[in-house]
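Okay, structure first, notes after.
Now the structure itself:
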């Protein structure tokens, strides 16, 4: 798996570590990102938003009014 390096504010990472109860900063941030992705997938499954977005992409370009 490819790895990326991200620079984050230390206070933000410490807050994540405290809330997640994880002592390793890398693991704490990874857990939050994985949870965010999983939550998005659950929401998509419940609402059916994925298929709706795909239909919009395949449709013709919309003319902006205004």
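Residue numbers (UniProt numbering): 1 to 66. Positions of the beta carbon are idealized from the N, C-alpha and C atoms, including for glycine. Since the model is a prediction, treat every value here as computed from it, not as a measurement.
Expressed to the nearest angstrom, what Euclidean distance is found between the alpha-carbon atoms of residue i and residue j?
i: residue 22; j: residue 42; result: 24 Å
i: residue 17; j: residue 2; result: 23 Å
i: residue 12; j: residue 32; result: 12 Å
i: residue 27; j: residue 38; result: 16 Å
i: residue 46; j: residue 40; result: 10 Å
i: residue 4; j: residue 29; result: 13 Å
i: residue 44; j: residue 7; result: 29 Å
i: residue 25; j: residue 14; result: 7 Å
Take residue i as the anchor and find which of the options has the nearest alpha-carbon.
i: residue 35; options: 45, 20, 15 and 24; result: 20
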